[in-house]
Amino acid sequence: MKVIVIEQDRCLACRNCERACSFKDPFGPIHEKANIWVHIDMNERIIFTMTCQQCETASCLEICPSGAIFRDLVTGAVVVNNTLCVGCRMCVNACPFGYIHFDEIYSVAAKCDLCKGDPKCVKNCMAKALHYCDINDLAAVKRERQLFKQPGFQKEHIEDEG
Amino acid sequence: MRVKTIVPSGVVPTLCRMCETRCAINVHINNNYMTEISPLEGHPVNQGRICPRGGAALDLFYHPDRILKPLKRMSDGSFKEIPYSLALDEIIGKMSTLKSDYGARSVGVWKGEGLGFYQQEDYARRFIHGFGSPNYFSNDSACYNGRYIGYHLVCGFWNSYPAFDQAGLIILLGSNPPICHPPFMREFADARSKGAKLVMIDPRLNPVACYADVFAQPYPGTDCALVWGLIRYLIKTNNYDEDIVNNNTIGFDKILAYAKKFTPEYVEQQTGIFADVVEEIALLIIKNRPKTSIFPGAGLEHNENGVNCVRALAILSCLIGALGWPSGLWRPEMLGIRSLTLYDELPMDDQGPIGADKFPVLYDIRKECHTMTAMDYMLGNGAYPLKGIILTAANPAVSNPNTAKVEKALSNLDLLVVSDFFMTKTARLAHYILPAATFLEREELHFYPTRHRVNLTSKVARTEGIKTEYQLWHNLAHGLGFGDKYFPWKNEKDVNKWLLEPSGLTVEKLRRHPQGYAYKPVEYQKHLIDKLNTPSGKLEFASPYLKKLGLPEIPEYLPPYYLAKADDNYPFILTTGARKSLLYHSRHQNIPRFRNVHPEAEMEIHPADASDLGIEDGEAVKVISETGTLIIRAAVKKSVELRQGVVEIYHGWEDWRVNFLTCDTINDPISGFPLLKGVPVRIEKIE
C-alpha cells in the first residue's frame with residue numbers, strides 16, 4: 024500500500040508539511056493540530072520528520088473500544104471516525120510511536136488519514152523529502168544511494184555530467 | 031466583491047506570485063468561485079510541488095479587508111470612497127499642477143513588491159519617463175540591487191541561481207533557502223545525495239545548518255573578511271584557475287597584493303570564525319573546484335560594505351574556476367523581446383535623478399533613484415522639491431530605514447497615491463488609495479533567466495471595479511497627454527503581443543506552454559565567445575570605473591560600523607530581516623491562519639545575554655538605538671542559534687516596526703543600501 028514516505032536526509036525543516044496539514048482545519052494552524060511532525064533539535068542539529076505509517080497491525084485500531092478507528096478500504100489508511108470516538112485516549116496510550124494524538128478542541132483522537140489518498144503534506148514538500156508511495160520505494164532509493172558512496176562511482180558520475 | 035472567472039468552472043494553469051519564486055500552479059474554479067490552488071506538474075521550478083504561502087493566494091484574493099473602491103483621504107484623516115473616474119481626474123489634475131509649478135521631476139513613481147511584480151516594473155519605469163521625470167524608485171534599493179550590482183561590476187552578468195544540483199560544494203552566505211527560495215531545498219538535497227558538501231555562513235543558525243558540513247557564525251557584516259581569507263588561501267596554495275586569470279581578467283595583481291593580510295588568524299580576529307574553520311572551508315573549495323556554487327543572500331547587502339563583499343565573492347568564484355560551469359558563474363541570455371523602458375528613447379540622466387549624484391553606480395547600473403535620499407527631497411532638503419509620488423504596493427512606512435523620518439517625509443508630500451490591496455501603514459498616509467489587482471487578475475510575461483524559460487500567466491479572474499496595473503498607468507498617461515505616444519495599447523494582451531513580436535513567439539503559443547517555454551538552450555561557456563558586458567570586456571577584479579568615481583577599485587574589506595565606532599551606550603548588534611516562513615516582507619500578516627503561526631513580533635536574543643539583562647522568554651523589552659525606540663517581546667533562543675551580543679528582529683511587522691531603530695544615513699557607497707544588519711542598540715528591561 025501507499026504511505027507517506029520520508030527521506031530524512033532531504034528534509035531541511037521548512038515545516039511546510041505541518042502547516043499544510045494544519046491549514047485544513049478551520050481552527051487554524053496550532054502545531055498540535057498537524058498530523059505530521061518536524062522535530063528540530065538545534066543544539067544537536069538534528070531534524071527528524073515523521074507521521075503515522077498506517078501499521079499493518081495498528082495498536083490504535085486494535086485497542087479502540089468504540090470501533091471509531093477503522094481501516095479505509097480504498098487507501099489503507101487507519102482512520103478515526105470522529106462521531107464514534109468517545110475520547111478515551113486509549114489509542115494514544117497504545118501507539119508506540121506517538122503519531123496519534125488527542126485533539127483538545129474536538130475531544131477526539133487525531134491522526135494522519137492520508138487526505139483520502141491525496142496527501143497535502145506531500146504536495147507541499149518543496150524539498151521532495153516526502154513521497155506518497157510504497158515503503159519499498161524508499162528502500163530502493165536508499166540502496167541506489169549506496170552506489171554513490173562506492174569509491175570511483177561518484178567521481179565518474181559527476182565527471183560525466185560536465 | 032463581484033468576481034468573474036475566466037471559465038465558470040474548471041482548472042486554469044498559471045504562475046503563483048505570492049513570492050518571487052513563481053511556481054507553476056493550477057487554480058481550481060467552481061461556479062465562478064476560485065476554490066483551491068494546487069501545484070501544476072511539469073514546471074522545472076517547482077516540479078509539481080507548492081508551499082502553504084502559495085496555497086493561500088485565495089485567502090489574499092477574497093480577503094474581507096481588500097480595498098475594492100478608490101479612497102480619498104478627508105481633512106479629518108478619514109477615508110471616503112469615491113468613483114474611479116473622479117479619483118483619476120483629481121490625481122491627474124494634481125500631477126499637472128505639480129508639473130507646471132515645480133517641473134516634471136517633482137513627481138516620482140515607486141514600485142513595491144506587494145503586487146507580485148514582474149512586467150509591472152517596466153510599466154512604472156516607462157510611465158515616469160513619459161511624464162518627463164527621471165525619478166523611479168523601488169523596493170529593490172533595499173534588496174536585490176546590491177547583489178545585482180556586485181556581480182555586474184565584476185562579470186557584467188549575474189546568474190542569480192546557479193544549478194546547485196550539479197555542484198560538488200555549495201556555499202551559502204546570509205540566506206535561509208527553505209523560507210526565501212523553497213525550490214533550492216530540492217536542489218540541495220539532489221546535490222547532497224550525490225555527495226556534495228554544504229557550507230553555511232550566517233550569524234544566525236537556521237535548520238539548513240543541521241545538514242551543513244561546516245556552519246560558521248561570523249559577526250554581522252564581516253563576511254567580506256572571510257571571503258578575502260579564502261581568496262588568499264587559494265592564491266597562496268596555487269589552487270586557482272590560472273587560465274581564467276591570465277586570459278579573462280584585469281586587476282589580479284591588485285587582488286594578490288591586497289589579499290596578503292587576510293591570514294586565517296586575521297580573519298578569525300575580524301569575523302570570529304576560528305582560523306582552522308577558515309582553512310577547512312578553503313580546503314573544501316580546493317577539493318571541489320571548479321564545481322562550487324556560491325550563493326549570497328540578501329543578508330550580505332544590508333551592510334555599509336555589502337557590494338564589495340558580493341564583488342569579492344564573484345572574484346572568489348572566478349578564481350575557483352567556476353566560470354562556465356552550470357553550478358558556477360555563467361551568463362544567462364534573454365529572449366530577444368522589446369523593452370518597455372524608455373532609457374534609450376527618452377533618457378533623463380541630465381534631469382537630476384534623485385541620488386544619482388551620491389550613488390552614481392546605483393543609477394548607472396540599475397537606473398534607479400535612491401529612496402533614502404528621496405526622503406530628504408520630500409522634506410525640502412534636496413536639490414529640488416519632490417512633491418508627488420505614485421506608489422504601487424510598496425510599503426516604505428514599514429520597510430525603509432528610519433521610519434519616523436519616512437512617515438514625516440511621506441506626510442509632507444502634496445500628492446501621495448498608493449495602489450494596493452490593503453490599508454497598509456503607507457496607504458494610511460496617502461491622499462488617494464487605488465484598489466490594485468492581484469497576480470490572478472492579469473496576464474504578463476515572466477522570465478526565468480537562469481533556465482532560459484518564459485511563461486505567460488493567465489488572467490484567471492476579474493474583479494468588478496479593479497483596474498490592472500497596466501490600466502492604471504495607461505489611464506494616467508492618457509489623462510496627462512502622453513498616452514497615445516507611450517501607452518497606445520488597449521490592454522495587457524496588446525502589450526504582450528508588441529513585446530513578443532521580434533522574438534517570433536506569440537501570446538497564443540505561450541498560452542499552450544503553462545510549464546514554460548524554453549527559448550534556447552543554455553550555453554554555459556558563452557563568456558568565452560563574447561566579450562563580457564563590463565567596461566573592459568573582461569572580468570574586472572579591479573574596476574577602473576569605480577576608481578574613476580573615487581570608490582575603492584578592488585573590493586576592500588572595511589570593518590563594520592559597530593566595530594569601527596564602538597559605543598558603550600549601544601552594546602548589542604541588531605540584525606533585521608531574517609525571514610518568517612509564511613510572511614513575505616510586510617505582506618500576509620492579515621491572513622488569519624498565517625497569523626496563528628507568526629502571532630507577534632519578537633526579538634531573538636542569546637540566553638546568556640537574556641540572563642545578564644534579567645529578561646525571561648516572552649517578556650517585553652525596550653530596544654533603543656541612536657535613531658529610535660521599539661518595545662517588543664524577547665524570544666530567548668538556544669545558545670547555538672545566535673552569537674552572544676547579537677539580537678534579531680523581523681523587518682516586516684506592521685505593528686512592531688523595527689525600522690524605527692535603523693538609520694538612513696549610513697549607506698553602502700556603491701549601492702546606496704542602508705545598514706540594516708549591524709545596528710548598534712541598547713536593550714532595557716521594562717520594570
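If you're matching them up, the sequences are chains A and B in order.
If you want the numbering used here, it's the 1-based position in the first sequence plus 23.
If you want the numbering used here, it's the 1-based position in the second sequence plus 30.
Note that the Cβ used here is the ideal one computed from N, Cα and C, for glycine as well.
Since the structure is predicted, the reported quantities are computational estimates derived from the model, not experimental observations.
1) Is N39/A closer than 7 angstroms to P192/B when the C-beta atoms are compared?
2) Quick check on N58/A - is its C-beta less than 7 angstroms from some C-beta in chain B?
3) Beta carbons nearer than 8 angstroms to chain A: which residues of the region 307-320 of chain B have them?
4) According to DSSP, is N563/B part of a helix, a strand, or is it coil?
5) Establish whether the CB of H117/A and some CB of chain B are separated by less than 7 angstroms.
6) Considering just the uninterrupted stretch of the alpha helix (DSSP H) at I121/B, what are its terminal residues?
7) Across which residues does DSSP place K523/B in a beta bridge pair?
8) When you compare only the Cα positions, how much space is there between H180/A and P320/B?
9) If you follow the alpha helix (DSSP H) that E85/A is in, where does it begin and where does it stop?
10) Using a Cβ-Cβ distance under 7 angstroms, would S223/B count as near chain A?
11) Tell me which residue opens and which closes the beta strand (DSSP E) that F167/B is part of.
12) Counting only the same chain and skipping the five closest in sequence on each side, list residues whose C-beta sits under 6 angstroms from that of D152/B.
13) Whose C-beta lies closer than 6 angstroms to the C-beta of Y587/B among residues of the same chain, with five residues either side of it excluded?
14) Report the CB separation of V101/A from C138/A in whole angstroms; it is logged as a contact under 8 angstroms.
15) Using a Cβ-Cβ cut-off of 8 angstroms (strictly less than) and excluding sequence neighbours within five positions of V164/A, which residues of its own chain qualify?
16) With H182/B as the anchor, note down where its beta strand (DSSP E) starts and where it stops.
17) Determine, for A219/B, whether the minimum Cβ-Cβ distance to residues of chain A falls below 7 angstroms.
18) Rounded to whole angstroms, what's the CA-CA distance from I645/B to H628/B? Just pull it up for me.
19) Hey, would you say A289/B sits closer than 7 angstroms to I261/B, going by beta carbons?
20) Can you tell me whether H62/A is buried or exposed, with buried defined as 16 or more other CB within 10 angstroms of its CB?
21) Please report the distance separating the alpha-carbon of E531/B from that of G366/B.
22) Beta-carbon separation of V340/B and R216/B under 7 angstroms?
23) Compare the C-alpha of H93/B against each of R32/B, R135/B, E583/B, E50/B and name the closest.
24) Report all residues from its chain with a CB closer than 6 angstroms to the CB of C135/A; omit the five preceding and five following residues, and keep chain order.
25) Going by C-alpha distance, which of Y148/B, G138/B, Y63/B, L643/B is nearest H400/B?
26) Could you name the residues of the region 37-56 of chain B whose beta carbon sits closer than 7 angstroms to any beta carbon of chain A, in the order they occur along the chain?
27) So P82/B contacts chain A; which residues on that side make the cut at Cβ distance below 8 angstroms?
28) Along the chain, where does the beta strand (DSSP E) that runs through G138/B open and close?
29) What span of residues does the alpha helix (DSSP H) with H504/B cover, start to end?
30) Can you tell me the Cβ-Cβ gap for R94/A and L107/A, rounded? I've got them flagged as a contact below 8 angstroms.
31) Would you mind sorting Y373/B into buried or exposed? The rule is 16 or more other CB atoms within 10 Å of its CB.
32) So M65/A contacts chain B; which residues on that side make the cut at Cβ distance below 7 angstroms?
33) What is the residue span of the beta strand (DSSP E) that Y478/B lies within?
34) Need the endpoints of the alpha helix (DSSP H) that M405/B sits in, please.
35) For a test of the three-state rule: what should DSSP assign to T106/A, helix, strand or coil?
36) What does the alpha-carbon distance come out to for the pair G534/B and Q149/B?
According to the structure shown:
1) no
2) no
3) none
4) coil
5) It is Ala, not His, that sits at residue 117/A in the sequence shown. So, not an interface residue.
6) 114-132
7) Answer is none; K523/B lacks a bridge partner.
8) Below a pLDDT of 50, predicted positions are generally treated as unreliable, and H180/A, at 42, falls in that range; the measurement from the model is reported next regardless. Approximately 16 angstroms between the Cα atoms of the pair.
9) 82-86
10) yes
11) 166-168
12) L370, T371
13) C254, A255, W258
14) Between C138/A and V101/A the Cβ distance is about 14 angstroms, and since that is not below 8 angstroms, they are no contact.
15) E30
16) From DSSP, H182/B is part of no beta strand (DSSP E) but of the alpha helix (DSSP H) over 175-185.
17) yes
18) 21 angstroms
19) yes
20) exposed
21) 9 angstroms
22) no
23) R32/B
24) N58, T74, C75
25) G138/B
26) none
27) N39, R42, A43, F46, N147
28) 137-141
29) 499-510
30) Between L107/A and R94/A the Cβ distance is about 14 angstroms, and since that is not below 8 angstroms, they are no contact.
31) exposed
32) L235, K668, V670, E671
33) 475-478
34) 401-408
35) coil
36) 19 angstroms
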